[in-house]
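This report refers to the structure that appears directly beneath it.
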Amino acid sequence: MVVRRAKIVCTLGPATASTAGIRGLIQAGMDVARLNFSHGTHDEHRRVAEIVRHESGAMGKVVAILQDLCGPKIRTGKGAPPLITAGESITLVEGMEGGPGVIAIQYEGLADDLQVGDAVQLDDGRVRLRVVGVAGGRVSCVVEQGAALRDRMGVNLPSKRVRLRAMTDKDRVDLELGLELGVDYVALSFVKSADDIRELREFCRAQGRPAPPIVAKIETPEAVDNLESIMRVADAVMVARGDLGVELRPEQVPIIQREIIGFGRLLQRPVIVATEMLQSMVESTRPTRAEAGDVATAVFQGADAVMLSAETASGKYPQEACAMMERIIVEAEGSKFYAPQPSEPGQTTQEAIAHAACVVAKEVEAKVIVAFTLAGITPRLLSKARPIAPIIAFSPAVDALRRLALFWGVMPRSLQVFPNIDALVAAVTAHLREQEIVSSGDHFVMIYGAPVGQRVPTNSIRVVDVG
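So the numbering used here is basically just the index in the sequence shown, starting at one, shifted up by 34.
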């Protein structure tokens, strides 16, 4: 049985925001559907979320929904020059309307937060300006790298002085919708410190609802500086290489990616690697060799998931891109050089049981490791232990099953609560036989909380011989 361990996150957009488009992505391998709240209306996101839920149920595959909040996006206004070239002088002003030689920036306090020598970048770094003077609310710049301009381009200011919080008023309104829709994860953009994660949780409590698991997007120098403290309070992290590559030198990004994945292993947090993984497939039916290598490298490094953005949101070949990503992952994981590194177990009983189950499974050559869970904690610990055997997580809780869709190596399955261990083993064995996962003479390792049927932490391991 060939089982893909690393999971695939697909961004939904105009190219896939339909029943046929979403069904095609699920068939191609999508595990997590990303709703990008930087674009689209609430009605559009609601409709897409409903389609994901319906098609996931109809196709019998658990798919999680990730709500990606926009965060404090700074954009240009209207009326900027159509083209600027290197060496040219340009003026930045706060507001909505630019003009000849003037670019408007929609950011309050622009002149207060910029200093001589600062770099200002537009359109993901395609345009680079250097500040040479600040006076009377106007910022004088020289163009270091020019290009054609358009309205509402993204702007990157020196993030250490930008006074915007990670969570904006728009994010709060969007998150209210996400809580109503029951999203399985929420990603917070432009995180700078652990306090940003805490603020999101507090907002959810104020709404009278528990916060979904929070994915911290690492895309600012401050987030890199505070990486460990952020990852300790977040539930998962995303290596958001787009803005990270604008804020920092491009040659730093691969090193930071490796560092984040390493901390994910140490702190037992899932890590998603994102941005431009198969970018050429926005226009082409095949990726470049470098892109295929990029996906494989993330797998070799230990990423829990890899993400497609424009490839599936607006690209010409969304299903092909998802299927290609699955093929690259499977090929990499089947390589003799693939050696996933486990997290070290902590001091809790659950962590010790999860680690021991992986050791036992290896010794008895178990076909699978089975975890029965109500909250999803044990499968996460198993996932980070990186066992050889696939992990099948059974749960009666729909919300827990959906969260499991992000975890490396975990296959979520629905199963009711049973009154005793014998009934549970019989039901699990019957399911595994029916799915042709095990047959007579095979073994599987099962971990669960005893007494069965009660909400108790995982505390037991059992080796089941399939008769």
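Where a beta carbon is used, it is the ideal one built from N, C-alpha and C, also for glycine.
Cβ-based burial, Val393 [other Cβ within 10 Å; buried from 16]
By one-based count along the sequence shown, residue 393 stands at place 359. The Cβ neighbour count for Val393, taken over all protein chains shown within 10 Å, is under 16; the residue is labelled exposed.
Between which residues of its own chain and Ala274 is the CB-CB distance below 8 Å, once the five residues before and five after are set aside?
Position 240 of the sequence shown, counting from 1, holds the residue named residue 274. Excluding sequence neighbours, Ala274 sits near Ser223, Lys251, Ile252, Glu253, Ala308 and Thr309.
Which value, in whole angstroms, describes the spacing of the CA atoms of Glu385 and Pro288?
The count along the sequence shown starts at 1 and reaches residue 385 at position 351. The count along the sequence shown starts at 1 and reaches residue 288 at position 254. Approximately 30 Å between the Cα atoms of the pair.
Environment of Lys401 [buried if 16+ CB atoms lie within 10 Å]
For the purposes of this step, residue 401 is identified with residue 367 of the sequence shown, where counting begins at 1. The residue is buried, with at least 16 neighbouring Cβ atoms inside 10 Å.
Output the distance between the C-alpha atoms of Arg414 and Leu440, rounded to the nearest integer angstrom.
The residue labelled residue 414 in the question sits at position 380 within the sequence shown. The residue labelled residue 440 in the question sits at position 406 within the sequence shown. Their backbone Cα atoms lie some 9 Å apart in a straight line.
Can you check DSSP and say which residues form a bridge with Pro352?
For the purposes of this step, residue 352 is identified with residue 318 of the sequence shown, where counting begins at 1. Answer is none; Pro352 lacks a bridge partner.
In the region 271–358, which residue ranges form an unbroken beta strand (DSSP E) of at least 3 residues, counting only runs that do not cross its ends?
305–308 and 339–342
Within 8 Å, do at least three Cβ pairs link the region 285–302 to the region 410–424?
yes
Closest by CA to Ala390, which one among Leu100, Val173, Thr492 and Ala200?
Here residue 390 refers to the residue found at position 356 when the sequence shown is read from its first residue. The shortest C-alpha separation from Ala390 is found at Thr492.
Endpoints, beta strand (DSSP E) assigned at Cys104
Taking the first residue of the sequence shown as 1, we reach residue 104 at position 70. Careful: Cys104 lies outside any beta strand (DSSP E) and carries neither H nor E.
Look at Ala357 and Ala153 and say whether their C-beta atoms are less than 8 Å apart.
For this step, residue 357 is matched to residue 323 along the sequence shown. For this step, residue 153 is matched to residue 119 along the sequence shown. Not in contact: Ala357 and Ala153 (Cβ atoms no closer than 8 Å).
With a threshold of 16 other CB atoms inside 10 Å of the CB of Ala40, please say whether the residue is buried or exposed.
Here residue 40 refers to the residue found at position 6 of the sequence shown. Ala40 is classed as buried because its beta carbon has at least 16 other beta carbons within 10 Å across all chains shown.
Is it true that the CB of Thr110 sits closer than 8 Å to the CB of Ala145?
For the purposes of this step, residue 145 is taken as residue 111 along the sequence shown, with counting starting at 1. For the purposes of this step, residue 110 is taken as residue 76 along the sequence shown, with counting starting at 1. It is not a contact, given that the beta carbons lie outside the stated cut-off.
Below 6 Å CB to CB, which residues in the same chain sit around Gly276 once its five sequence neighbours on both sides are set aside?
Residue numbering aside, residue 276 sits at position 242 when the sequence shown is read from its first letter. Within the same chain, Thr309 come within 6 Å of Gly276 by CB-CB distance, once the 5 residues on both sides are set aside.
Using DSSP with H/G/I as helix, E/B as strand and the rest coil, what is Pro374?
Indexing the sequence shown from 1 puts residue 374 at position 340. Reduced to three states, the DSSP call for Pro374 is coil.
So, is Ala482 buried or exposed, given that buried needs 16 or more other C-beta atoms within 10 angstroms?
Walking along the sequence shown from the start, residue 482 turns up at place 448. Before going on, a small fix: residue 482 reads as Tyr here, not Ala. Burial call: buried.
Tell me the start and end of each unbroken beta strand (DSSP E) in the region 127–185 that is at least 3 residues and wholly inside, in chain order.
136–139, 153–156, 161–169 and 172–179
Provide the residue span of the beta strand (DSSP E) that contains Thr45, from first to last.
Translated into positions along the sequence shown, residue 45 becomes position 11. It spans Lys41 to Leu46 - the beta strand (DSSP E) in which Thr45 sits, taken as one unbroken run.
Please identify the residue among Thr50, Ala200, Val267 and Gln291 whose C-alpha is closest to the C-alpha of Ser348.
For the purposes of this step, residue 348 is taken as residue 314 along the sequence shown, with counting starting at 1. Among Thr50, Ala200, Val267 and Gln291, the Cα nearest to that of Ser348 belongs to Thr50.
Using alpha carbons as the reference points, say which of Ile455, Pro446, Leu458 and Ala405 lies closest to Val479.
Translated into positions along the sequence shown, residue 479 becomes position 445. The option with the nearest alpha carbon to Val479 is Ala405.
Taking the alpha-carbon positions, what's the Ile60 to Asp102 distance?
Here residue 60 refers to the residue found at position 26 when the sequence shown is read from its first residue. Here residue 102 refers to the residue found at position 68 when the sequence shown is read from its first residue. When rounded, the distance between both Cα atoms is 19 Å.
Start-to-end residues for the beta strand (DSSP E) that takes in Leu69:
If you number the sequence shown from 1, residue 69 lands on position 35. That run of the beta strand (DSSP E) goes Val66 to Asn70.
Could you check the C-alpha separation between Val217 and Asn70 for me, to the nearest Å?
Sequence index remark: in the sequence shown, residue 217 carries index 183 (1-based). Sequence index remark: in the sequence shown, residue 70 carries index 36 (1-based). Each residue's alpha carbon lies about 12 Å from the other.
According to DSSP, residues forming a beta bridge with Asp499:
For this step, residue 499 is matched to residue 465 along the sequence shown. His477, per the DSSP bridge assignment.
Closer than 8 Å is the cut-off here; do at least three beta carbon pairs connect the region 451–458 with the region 362–381?
no
Fully enclosed by the region 226–274, which alpha helix (DSSP H) runs are 4 residues long or longer?
228–240, 255–259 and 261–267
Based on Cα-Cα distance, which residue from Arg172, Cys238, Leu215 and Asp185 lies nearest to Met201?
To locate residue 201, count along the sequence shown from 1; it is residue 167. That would be Cys238, whose Cα lies nearest to the Cα of Met201.
Assuming Gly55 is part of the alpha helix (DSSP H), what are its boundary residues?
Position 21 of the sequence shown, counting from 1, holds the residue named residue 55. Residue range Thr53 to Ala62 is occupied by the alpha helix (DSSP H) that includes Gly55.
Ordered along the chain, which non-local residues of its own chain (more than five positions away) have a Cβ less than 7 Å from that of Tyr351?
Position 317 of the sequence shown, counted from the start, is the residue given in the question as residue 351. So the qualifying residues of the chain are Met315 and Thr319.
Range covered by the beta strand (DSSP E) that runs through Ala427:
Reading the sequence shown from its first residue, position 393 is the one you call residue 427. Ile425 to Ser429 is the extent of the beta strand (DSSP E) around Ala427.
Rounding to the nearest angstrom, what Cα-Cα distance links Asp158 and Val398 in this structure?
Within the sequence shown, numbered from 1, the residue matching residue 158 stands at position 124. Within the sequence shown, numbered from 1, the residue matching residue 398 stands at position 364. Roughly 52 Å separates the two Cα atoms.
Closer than 8 Å is the cut-off here; do at least three beta carbon pairs connect the region 123–137 with the region 160–172?
Three or more beta-carbon pairs drawn from the region 123–137 and the region 160–172 are found closer than 8 Å, and the two stretches are therefore classed as touching.
Close-in-space but distant-in-sequence residues of the same chain around Pro379 (CB under 6 Å, 5 per side omitted)
Your numbering for residue 379 matches position 345 in the sequence shown. Once the five neighbours on either side are set aside, the close Cβ partners of Pro379 are Glu385, Ala386 and His389.
Which of the three DSSP states, helix, strand or coil, is assigned to Ala484?
As a first step, residue 484 must be located in the sequence shown, where it is residue number 450. Note: Ala484 maps to coil in three-state DSSP.
With a cut-off of 8 Å on the beta carbons, I'd call Ala395 and Ala423 a contact; round off their distance for me.
The sequence position of residue 395 within the sequence shown is 361, counting from 1. The sequence position of residue 423 within the sequence shown is 389, counting from 1. Confirmed, about 5 Å.
Tell me whether the beta-carbon of Ala431 lies closer than 8 Å to the beta-carbon of Pro446.
Along the sequence shown, one-based indexing puts residue 431 at 397. Along the sequence shown, one-based indexing puts residue 446 at 412. For Ala431 and Pro446, no; Cβs fall outside 8 Å.
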